[in-house]
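Asker: As they're listed, the protein sequences go chains A and B. The numbers in this note's numbering rise by one with no breaks, and the one at position 205 of the first sequence is 224. The numbers in this note's numbering rise by one with no breaks, and the one at position 76 of the second sequence is 95. Using N, Cα and C, we set each Cβ at its ideal position, and we do this for glycine too.
There are 2 protein chains.
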Amino acid sequence: MNIRAVIMAGGSGTRFWPLSRKNRPKQFLDIVSSRSMIEETVSRLGPLVPARDIFTIANAQQTVSLKSLLKTLPRGNFLVEPLAKNTAPSLMLATARVYLDDPEAVVAALASDHLIRNPERFRAMLEAAAAAASKDKAIVTFGIPPSFPSTGYGYIHFSGDKARKFAGIPFHPVLEFKEKPDRKQAERFVADGNYHWNSGMFLWRADVFAAKLKRHAPDFFVFWERMLEALSKKDRKALLRIFEEIPAISIDYALMEKVSGSLVGAGDFGWSDVGAWSSLYEVWPPDAAGNAVKGDPLVIDSRNCLVYNPGKLTALVGVKDLIVVDTGDALLICRRDQDQRVKEIVEALKSRKPELL
Amino acid sequence: MNIRAVIMAGGSGTRFWPLSRKNRPKQFLDIVSSRSMIEETVSRLGPLVPARDIFTIANAQQTVSLKSLLKTLPRGNFLVEPLAKNTAPSLMLATARVYLDDPEAVVAALASDHLIRNPERFRAMLEAAAAAASKDKAIVTFGIPPSFPSTGYGYIHFSGDKARKFAGIPFHPVLEFKEKPDRKQAERFVADGNYHWNSGMFLWRADVFAAKLKRHAPDFFVFWERMLEALSKKDRKALLRIFEEIPAISIDYALMEKVSGSLVGAGDFGWSDVGAWSSLYEVWPPDAAGNAVKGDPLVIDSRNCLVYNPGKLTALVGVKDLIVVDTGDALLICRRDQDQRVKEIVEALKSRKPELL
Numbered sequence: 020m021n022i023r024a025v026i027m028a029g030g031s032g033t034r035f036w037p038l039s040r041k042n043r044p045k046q047f048l049d050i051v052s053s054r055s056m057i058e059e060t061v062s063r064l065g066p067l068v069p070a071r072d073i074f075t076i077a078n079a080q081q082t083v084s085l086k087s088l089l090k091t092l093p094r095g096n097f098l099v100e101p102l103a104k105n106t107a108p109s110l111m112l113a114t115a116r117v118y119l120d121d122p123e124a125v126v127a128a129l130a131s132d133h134l135i136r137n138p139e140r141f142r143a144m145l146e147a148a149a150a151a152a153s154k155d156k157a158i159v160t161f162g163i164p165p166s167f168p169s170t171g172y173g174y175i176h177f178s179g180d181k182a183r184k185f186a187g188i189p190f191h192p193v194l195e196f197k198e199k200p201d202r203k204q205a206e207r208f209v210a211d212g213n214y215h216w217n218s219g220m221f222l223w224r225a226d227v228f229a230a231k232l233k234r235h236a237p238d239f240f241v242f243w244e245r246m247l248e249a250l251s252k253k254d255r256k257a258l259l260r261i262f263e264e265i266p267a268i269s270i271d272y273a274l275m276e277k278v279s280g281s282l283v284g285a286g287d288f289g290w291s292d293v294g295a296w297s298s299l300y301e302v303w304p305p306d307a308a309g310n311a312v313k314g315d316p317l318v319i320d321s322r323n324c325l326v327y328n329p330g331k332l333t334a335l336v337g338v339k340d341l342i343v344v345d346t347g348d349a350l351l352i353c354r355r356d357q358d359q360r361v362k363e364i365v366e367a368l369k370s371r372k373p374e375l376l
Numbered sequence: 020m021n022i023r024a025v026i027m028a029g030g031s032g033t034r035f036w037p038l039s040r041k042n043r044p045k046q047f048l049d050i051v052s053s054r055s056m057i058e059e060t061v062s063r064l065g066p067l068v069p070a071r072d073i074f075t076i077a078n079a080q081q082t083v084s085l086k087s088l089l090k091t092l093p094r095g096n097f098l099v100e101p102l103a104k105n106t107a108p109s110l111m112l113a114t115a116r117v118y119l120d121d122p123e124a125v126v127a128a129l130a131s132d133h134l135i136r137n138p139e140r141f142r143a144m145l146e147a148a149a150a151a152a153s154k155d156k157a158i159v160t161f162g163i164p165p166s167f168p169s170t171g172y173g174y175i176h177f178s179g180d181k182a183r184k185f186a187g188i189p190f191h192p193v194l195e196f197k198e199k200p201d202r203k204q205a206e207r208f209v210a211d212g213n214y215h216w217n218s219g220m221f222l223w224r225a226d227v228f229a230a231k232l233k234r235h236a237p238d239f240f241v242f243w244e245r246m247l248e249a250l251s252k253k254d255r256k257a258l259l260r261i262f263e264e265i266p267a268i269s270i271d272y273a274l275m276e277k278v279s280g281s282l283v284g285a286g287d288f289g290w291s292d293v294g295a296w297s298s299l300y301e302v303w304p305p306d307a308a309g310n311a312v313k314g315d316p317l318v319i320d321s322r323n324c325l326v327y328n329p330g331k332l333t334a335l336v337g338v339k340d341l342i343v344v345d346t347g348d349a350l351l352i353c354r355r356d357q358d359q360r361v362k363e364i365v366e367a368l369k370s371r372k373p374e375l376l
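Shown next, in the form of structure tokens:
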């Protein structure tokens, strides 16, 4: 069985402003370790997937950064999406690339900016899921057992019984992909027990993906065939035209929600999508007073603060529950429970100070 | 009548850390306007005292900074105290310098780092006080009508009646200088009405100062005579020896508290000693949400914050009552009512990061 990891590195999050910028999104930040998240993602695959089988897909500008960070990957493995058109087109392109090489290879479409605390368990799950995708000709996904009734994730409803085991790990039949629920629904999902968060990670055999597209998304299958042709001819202009024409939608919407027979495994490998500053509070080790600091803290009577200010002294006096982020050109002071509002700052900067985006 | 302003510029406050440093104390900071406080102090005297009659006294290192800021003063007017020995020795030295030039000139010993919102009224008071010092051969001081029962200032107890007027402004006989009181005493002082805060500003004729020293502080009068001799011979070594031997005490303690017949005028010229970060909250114009910002603020649902971060964006989200100070090498986040504790940071830095002092 041949796994080809496709790392979706084209995200452009703004929730880590002022550290994250348009040209330096979350996957390039060293917020969960001393290395960037994309480096962690590649390194985590190491023992299972050789560098020659690891691909990234991102826009041209991000690809420049990716190439400089990921020296071990063959230069040809940095796939470029000509235009940003959400995940369906870019995963079609990456899968077409793999298909031309080996139609029966298993594509593992992975996020570039998630934290996985237990990489060993992750690799075991990945191997089992690849086996499932390969033998069962199914699309396989990782669901995250929900730790609270989040309204920020989509959910995967699965059948509680009829689990099938691969490499000793159970995979359940997917019943339905659910979009982000309201609070009440979310609570019902969590109470039910047969709902996992949608991690956005999927595995499929390249030929199976093509077959599912043909059957469930014929409009997209036309583009798929054009992609195969453009790739085999190395025709960049044709590829650009395809991306100009193809609708910008997610793989979930284009395919996942329509396909039957998918499988879901429980992603119990210490996952976090590190969605905002406060999520780092669980990643960085806090001191006795609950302050989690990247930098040089001098703390007087302060608690439960998250500080990112490397290379500079940060003195806290009598404060609590703050997020403090100091970059060379901007300073953020935010109440810990309001970090979602960083979006509002980014919005305001668009007209006021676009150079800080 | 000949006024000689002596600006005591040797202070080394730490309460504005991280902006104030050992070699850049408060008088050098541009916290009350776009100019340094020492420049404001000199400029305020302009219409009353010509530059040739304005002197500074500070240590050698501070004098280098003073000379570069105060270009209009004659180079010989930058007096250097060979060693830091509190205010009595340095004011003796400055007064001796004036005495050699004109024994009947009035020395106005002024702070370099106080805010005076009404400079016109200040100059009127100064002129009247100089007249009082000159004609009455008294030591004249400015008392600040207390706005609250502060335990951070000394008080001047004066006689409510028997005021004497100079240039139409009443001056009251001083009964007693009181050291910093406890809370209960302070409340009694304020309720009494005949107590003013000690502003630390004094006026005396040079010859009157000498006579008072001779009578009330004979130990110091010996040093005074040696200073006169050293100055007239320009003997720096002798001056250094004097400063090595002279006790380090304040002018209040050495002389003021012992002298009778002093006068106090009400310093109703919008005085503030700008004692700590939160005091700037009354100086910088706050916005509608009560945020006073030096720099470029982007405020979301935040109020009553004081921010010093010029040349850099500061985004506030959901916070209140914070003092935020960002310098190139350090960041302070402090609850507004705890700014006195900045001292504790400075104390901690002595062993941990002396380069930030």
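With 7 Å as the C-beta to C-beta threshold (strictly closer), list the residues of the stretch 328-359 of chain A near chain B in chain order.
Answerer: N328, K331, L332, T333, A334, L335, V336, G337, V338, L341, V343, D345, D348, A349, L350, L351, I352, C353, R354, Q357
Asker: Counting Cβ pairs, one atom from each stretch, are 3 or more of them under 8 Å apart for the stretch 179-196 of chain A and the stretch 143-160 of chain A?
Answerer: Between the stretch 179-196 of chain A and the stretch 143-160 of chain A there are three or more C-beta pairs closer than 8 Å, enough to call the two in contact.
Asker: What's the gap between the Cα of A/R255 and the Cα of A/D306?
Answerer: 53 Å
Asker: Establish whether the CB of B/K372 and some CB of chain A are separated by less than 8 Å.
Answerer: Residue contact check for B/K372 against chain A: a CB pair falls below 8 Å.
Asker: Does B/L375 get closer than 8 Å to chain A when you measure Cβ to Cβ?
Answerer: yes
Asker: Hey, B/N323 and B/K313 are a contact pair by Cβ (cut 8 Å); roughly how many whole angstroms apart?
Answerer: Contact doesn't hold; Cβ gap of about 16 Å is too wide.
Asker: Which of the three DSSP states, helix, strand or coil, is assigned to B/F185?
Answerer: Correct three-state label for B/F185: strand.
Asker: Taking the alpha-carbon of B/P122 as reference, which of B/G219, B/V336, B/M20 has the nearest alpha-carbon?
Answerer: B/M20
Asker: State yes or no: is the C-beta of A/S168 within less than 8 Å of the C-beta of A/R202?
Answerer: Reading off the sequence, residue 168 of chain A comes out as Pro, not Ser. Closer than 8 Å, so yes.
Asker: Quick one: residues in its chain with C-beta nearer than 7 Å to the C-beta of A/R142, no 5 flanking neighbours on either side, listed in chain order?
Answerer: P66, L67
Asker: When you compare only the Cα positions, how much space is there between B/V159 and B/V283?
Answerer: 6 Å
Asker: From the DSSP secondary-structure annotation, give me the bridge partner or partners of B/T160.
Answerer: B/F221, B/V283
Asker: Establish whether the CB of B/A367 and some CB of chain A are separated by less than 8 Å.
Answerer: At a cut-off of 8 Å, the C-beta of B/A367 has a neighbouring C-beta in chain A.
Asker: Checking the sheet assignment: what are the DSSP bridge partners for A/F74?
Answerer: A/V25
Asker: Go ahead and pull the three-state DSSP assignment for B/V51.
Answerer: Three-state result, B/V51: coil.
Asker: DSSP state of B/H176, grouped into three classes?
Answerer: strand
Asker: Which of the three DSSP states, helix, strand or coil, is assigned to B/L38?
Answerer: coil
Asker: Residues in the same chain with beta-carbon distance under 7 Å from A/M220, minus the five sequence neighbours each way, listed in chain order, please.
Answerer: A128, L129, A130, T160, F161
Asker: Can you pull out the residues from the stretch 295-326 of chain A whose beta carbon lies closer than 7 Å to at least one beta carbon of chain B?
Answerer: L317, I319
Asker: Does the beta carbon of B/I364 sit closer than 8 Å to a beta carbon anywhere in chain A?
Answerer: Yes, B/I364 counts as interfacial toward chain A.
Asker: Is the stretch 238-245 of chain A touching the stretch 262-280 of chain A, taking contact as three or more C-beta pairs under 8 Å?
Answerer: yes
Asker: Compare the Cα-Cα distances from B/F35 to each of B/H235, B/L325, B/A24 and report the closest residue.
Answerer: It is B/L325.
Asker: Could you tell me the alpha carbon to alpha carbon distance between A/R43 and B/R354, rounded to whole angstroms?
Answerer: 33 Å
Asker: Report the residue from A/S291, A/G280, A/R207 whose alpha carbon sits nearest the alpha carbon of A/N217.
Answerer: A/S291
Asker: Can you name the start and end residues of the alpha helix (DSSP H) that A/I57 belongs to?
Answerer: 56-64
Asker: Check whether chain B comes within 8 Å of A/V227, counting only Cβ atoms and requiring the distance to be less than that.
Answerer: A/V227 does not count as touching chain B.
Asker: Taking Cβ positions only, does B/V361 come closer than 8 Å to chain A?
Answerer: yes
Asker: With DSSP as the reference, label B/L376 as helix, strand or coil.
Answerer: If DSSP states are grouped into helix, strand and coil, B/L376 belongs with coil.
Asker: Which residue from B/T75, B/F177, B/V209 puts its Cα closest to that of B/N96?
Answerer: B/T75
Asker: Rounded to whole angstroms, what's the CA-CA distance from A/G179 to A/P189? Just pull it up for me.
Answerer: About 11 Å.
Asker: Straight-line CA distance for A/F47 to A/S109?
Answerer: 19 Å
Asker: Tell me whether A/N96 sits in a helix, a strand or coil according to DSSP, three-state version.
Answerer: In the three-state reduction of the DSSP assignment, A/N96 falls in the helix class, which pools H, G and I.
Asker: So for B/L368, helix, strand or coil by DSSP?
Answerer: helix
Asker: Leaving out five residues before and five after B/K156 in sequence, what residues of the same chain have Cβ atoms less than 7 Å from its Cβ?
Answerer: R224, V227
Asker: Return yes when the Cβ of A/T114 is within less than 8 Å of the Cβ of A/M27, no when it is not.
Answerer: no
Asker: Compare the Cα-Cα distances from A/H191 to each of A/L351, A/A205, A/H176 and report the closest residue.
Answerer: A/H176
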